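Enquirer: For the record, the sequence lines run as chains A and B.
Residue numbering for the first sequence follows our numbering, starting at 794 and increasing by one per position.
Residue numbering for the second sequence follows our numbering, starting at 794 and increasing by one per position.
Here you go, one structure.
Protein chains: 2
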Amino acid sequence: MHSLRFTAQSSSNGMVERDFTVGEVPGVLWSPASGAGRAPLVLMGHGGGNHKKHPAMAGRARLLVTRCGFHVAVVDAPGHGDRPRTAHDEQEIAALFAARAAGEPEGPIVVRYNAHLAQLAVPEYHANLDALQELPEIGTDGPVGYWGINMGTAIGVPFVAAEPRITAAVFGQHWPHVLAEQARRITVPIEFDLQWDDEHISREEGLALFDAFASKEKSLHVNAGNHKELPRFEADSAVRFFARHLVPALTPTA
Amino acid sequence: MHSLRFTAQSSSNGMVERDFTVGEVPGVLWSPASGAGRAPLVLMGHGGGNHKKHPAMAGRARLLVTRCGFHVAVVDAPGHGDRPRTAHDEQEIAALFAARAAGEPEGPIVVRYNAHLAQLAVPEYHANLDALQELPEIGTDGPVGYWGINMGTAIGVPFVAAEPRITAAVFGQHWPHVLAEQARRITVPIEFDLQWDDEHISREEGLALFDAFASKEKSLHVNAGNHKELPRFEADSAVRFFARHLVPALTPTA
C-alpha cells in the first residue's frame, strides 16, 4: 500500500491547496485554511479530457471548503492531466474526434473508453481513499462523499458500488449501458443531474441510469439545455446535498 | 373591480399575517414584520382538499418572508377553506372518495374536477393580483412569482399562461391531459417537482407535463417516493429559485 506524499502547497482566499501523489497517481487536496480540525471528505472525479485542477474542480472544491469546511480531493484519471497517455488512449481519443468531425454518435466510443478507464481508476480511487484517511485531519471514521459528472460518473459509479466508505454521492450525464448494472448495487443517497436537451445522451438513457440506483433517497435534477449547459446553480445544490448528508449536525434544530 | 379589504391582523416570529377579502374570495397576506418597504410578491395556490392557511402554505410563506423579505398571498380555491361547497363539489368529492375506496384510479376525477375549479379560480386570481398590486408595499411594477403544487398547479398553469405579470413559477405533481396545452404558452423560468414512485401520476405523465413548458429555463426535480412524500428540502429549493428570479440584485457580484 502506498502512502500519501505531499509535493507542493499553496493557499488563497481561505483555502489551502496541497498537491500529492499516491504511488504513481497525482492528486490535489483542498482544505480550509482556518484549521486542522477533523472534517468530512468529498472525493471528486473530473470530466473526460480535463484534469484534477480544472476550474470546474477548483470551483466546486471552493464551495465545499468555504461553505462546509470539508476536505476535497481529486486525482488525475488514467491518461489525463499529468499522467501519460498510452497508445490505446491516443487511439480512442482519435476515434472520438473522428466521430465528432463526421457528425456520428459519440456515445458508443465514450461508453467503451470510459469503461476501460474506470477499470484502471477504481483500484486507484480505493487506494487514494486509504491514503487520505491516514491523514489525521481526515481519519478513518469520518463521513466521505463522492461527486463526479460525465467521466466522473463513469468511474464513480463502479467505485461507489464497491466502496462502503462512501455515504452520499452526486452523479450525472452518462449512459446506462455499462453503469446501470453497477448502479443497482448503490443504496446511499444520491443526487443525479441530466440535461433535457443533451445532444449525446437521450432522455430515455439518462432516466434509465437514474432509475437503476437502488438508493431509497435519490433526487434527479433535469435542466433545459444541451450537454455542456449544466447550470452553475446545480453545483450549489450538490454542496447543500453534501452538507445535509455528511454533517447531520447541520440540521437546523440540532 | 373589487378592492382588497383587510379583516384581521396578527404577527409572530418576524412575520405579519393579514386576512383579507377581494369580493367574495378570502385570502391571507404574509409580510415581513420588519418594514413596509416595497418587495416582490409570490402568489401561492394550495392543494386539493386543503386551504389558504394549511401548514404547508404557512411554512412556505415563512421561508419566503423571513429569508427573502417577500410578500406572500394565498386565497381559498372555490369549494375550499372558508368558501361554500356547491352540490357539484360534493358530487366530485364523493366520486373521488368512492374511487379511492374501490382502489380505482383517482386521476381522471382529479383532472376533470381540478379543471372545473381552475375555470372558476383563474379570473379570481387575476382580480386578486390586481387588488394586491394596489397596496403600496407591493405596487404595480414589482416582480411577481407563482408557487403551486398538485391542485395549485391545475389552477396555476392556466393562470400563469394568461398572466404576463408572473415572471417565475414553481409547479409540480399533476397530469398533462388538460394542462400540457396551456403549459406550451408559458415561457417564464419554472421549477417543476415530481415524485418518481407516484401512485397516481405515472412517470410518463409527469415528464410529459414538464416537457410541455415552452420556458427556455426550466428545471425538473424528481425524488424517490410516493405522491405524498415530496421532500421538505424542495421547499428550500423553490425559495432559492424565487430569490434568483425575483431579486436579480441578490446575485453575488451585484
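Beta carbons are placed, not taken as given, at the ideal position from N, Cα and C, and that holds for glycine.
Computed from a predicted model, the values in this text were never measured in an experiment.
Taking all protein chains shown into account, decide if D869 (chain B) is buried (16 or more other Cβ within 10 angstroms of its Cβ) or exposed.
Expert: Flag for D869 (chain B) reads buried.
Enquirer: As a quick exercise: from A:G830, A:D812 and A:R876, pick the residue whose alpha carbon is nearest that of G932 (chain A).
Expert: It is A:G830.
Enquirer: Taking Cβ positions, are S1008 (chain A) and P982 (chain A) nearer each other than 9 Å?
Expert: Yes, these two residues count as a Cβ contact at 9 Å.
Enquirer: Roughly how many angstroms lie between the CA atoms of P916 (chain A) and V867 (chain A), to the nearest whole one?
Expert: Spanning the two alpha carbons is a distance of roughly 14 Å.
Enquirer: If we require 3 or more residues per run, which beta strand (DSSP E) segments fall completely within the region 886-919 of chain B?
Expert: The region 886-919 of chain B contains no whole beta strand (DSSP E) run of 3 or more residues.
Enquirer: Can you name the start and end residues of the beta strand (DSSP E) that P957 (chain A) belongs to?
Expert: Where P957 (chain A) is concerned, there is no enclosing beta strand (DSSP E), given that its DSSP letter is neither H nor E.
Enquirer: Buried or exposed: which applies to G820 (chain B), given that a residue is buried once 16 or more other Cβ atoms fall within 10 Å of its Cβ?
Expert: Flag for G820 (chain B) reads buried.
Enquirer: For W823 (chain B), would you say it is in contact with chain A, using Cβ-to-Cβ distances shorter than 9 Å as the test?
Expert: Cβ-Cβ to chain A under 9 Å: no for W823 (chain B).
Enquirer: Taking just the CA atoms, how far does V937 (chain B) sit from V904 (chain B)?
Expert: Approximately 27 Å, taken between the alpha carbons.
Enquirer: Determine which residues of the region 830-851 of chain B have a Cβ less than 8 Å from any Cβ of chain A, and write them out in chain order.
Expert: Answer in chain order: no residues at all.
Enquirer: List, in chain order, every chain B residue whose beta-carbon is nearer than 9 Å to that of N1016 (chain A).
Expert: Near N1016 (chain A) (Cβ distances below 9 Å), the residues of chain B are E1010, K1011, S1012 and L1013.
Enquirer: To the nearest angstrom, how far is the alpha carbon of E927 (chain A) from that of H864 (chain A)?
Expert: If you take the alpha carbons of E927 (chain A) and H864 (chain A), they lie about 13 Å apart.
Enquirer: CA-CA distance, G872 (chain A) and N907 (chain A)?
Expert: Roughly 11 Å separates the two Cα atoms.
Enquirer: Excluding the 5 residues preceding and the 5 following H993 (chain B) in the sequence, name in chain order all residues of the same chain whose CB lies nearer than 8 Å to its CB.
Expert: Hits under 8 Å: P898, E899, G900, V903 and H1020.
Enquirer: Rank A:T960, A:R876 and A:N943 by C-alpha distance to the C-alpha of G840 (chain A) and give the top, closest one.
Expert: With distances taken between Cα atoms, G840 (chain A) lies closest to A:N943.
Enquirer: Less than 9 Å between CB atoms is the rule here; does L1043 (chain A) satisfy it with respect to chain B?
Expert: Below a pLDDT of 50, predicted positions are generally treated as unreliable, and L1043 (chain A), at 48, falls in that range; the measurement from the model is reported next regardless. No, no contact with chain B.
Enquirer: With a cut-off of 8 Å on the beta carbons, I'd call S984 (chain B) and V963 (chain B) a contact; round off their distance for me.
Expert: Here residue 984 (chain B) is Glu; the residue named in the question, Ser, does not match the sequence. The pair is a contact, with the Cβ atoms about 5 Å apart (cut-off 8 Å).
Enquirer: For M850 (chain A) and G828 (chain A), I'd like the C-alpha separation in whole angstroms.
Expert: For M850 (chain A) and G828 (chain A), the distance between alpha carbons rounds to 22 Å.
Enquirer: Tell me whether T785 (chain B) sits in a helix, a strand or coil according to DSSP, three-state version.
Expert: Nothing about residue 785 (chain B) can be reported from this structure: the residues present for chain B run from 794 to 1047 only.
Enquirer: My understanding is that L857 (chain B) touches F1035 (chain B), with C-beta atoms under 8 Å, so please give their C-beta distance in whole angstroms.
Expert: The pair is a contact, with the Cβ atoms about 7 Å apart (cut-off 8 Å).
Enquirer: Should Q975 (chain A) be labelled buried (16 or more other beta-carbon atoms within 10 Å of its own) or exposed?
Expert: When all chains shown are included, Q975 (chain A) counts as buried.
Enquirer: Report the CB separation of W940 (chain A) from V835 (chain A) in whole angstroms; it is logged as a contact under 8 Å.
Expert: Correct: roughly 6 Å between the Cβ atoms.
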